[in-house]
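Asker: Structure in structure tokens, see below.
Residue numbers (our numbering): 49 to 179.
Following this line, the structure appears as structure tokens:
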């Protein structure tokens, strides 16, 4: 009895900013958009999943919040297969990245989506390969 997997996490976004969300989560991070059920789609927002994911496990949902306030501490942590390439893409897009070496042996840092929500990026691989 208890939790067995992470289905999704939700972040907030401003109303009408779905295209910006798609540019970041699909265009930069490589996630795929999942359709929202029609009753939920009417509220605005977007759902994104890892590529090749047939289930909802590990989705990021962006929901409209009014008034909007970005999550500056709470965040998703994404394993990234080529952190250097993603960092170059973030730089070209003018998005911030702050390295964080507070966990020994883990190469990681933080960026922000177009709305200011914090997103952690972690180099994929065994911990010994992440440094």
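Built from N, CA and C at the ideal position, the CB exists for glycine as well.
Quick one: measure Cβ to Cβ for residue 97 and residue 79, integer angstroms, because I've assumed they're closer than 8 Å.
Answerer: 6 Å
Asker: Using only alpha-carbon positions, find the residue among 55, 69, 161, 125 that is nearest to residue 14.
Answerer: Because the chain in this structure spans residues 49 to 179, residue 14 falls outside the shown range and cannot be described.
Asker: Whose C-beta lies closer than 6 Å to the C-beta of residue 176 among residues of the same chain, with five residues either side of it excluded?
Answerer: Here the model assigns residue 176 a pLDDT of 49, short of 50, so the residue's position is not dependable, and the following value carries that caveat. Counting only Cβ-Cβ distances below 6 Å, and skipping sequence neighbours, we find nothing.
Asker: Nearest to residue 160 by alpha carbon, out of 76, 94, 64, 63?
Answerer: 76
Asker: To the nearest angstrom, how far is it from the Cα of residue 132 to the Cα of residue 112?
Answerer: 31 Å
Asker: Enumerate in chain order the residues of its own chain whose CB-to-CB distance from residue 135 is below 7 Å, with the five nearest sequence positions on each side excluded.
Answerer: 145
Asker: Helix, strand or coil for residue 116? Go by DSSP, reduced to three states.
Answerer: coil
Asker: Report the partner residues of residue 155 according to the DSSP bridge assignment.
Answerer: The partner list for residue 155 (beta bridge, DSSP) is empty, contrary to what the question assumes.
Asker: Anyone know if the C-beta pair for residue 74 and residue 81 falls short of 9 Å?
Answerer: yes
Asker: Please classify residue 63 as buried or exposed, where buried requires at least 16 other C-beta atoms within 10 Å of its C-beta.
Answerer: It is exposed - the Cβ of residue 63 has fewer than 16 other Cβ atoms within 10 Å.
Asker: Measure the alpha-carbon distance for residue 170 versus residue 61 and round it to whole angstroms.
Answerer: In a straight line, the C-alpha of residue 170 is about 23 Å away from that of residue 61.
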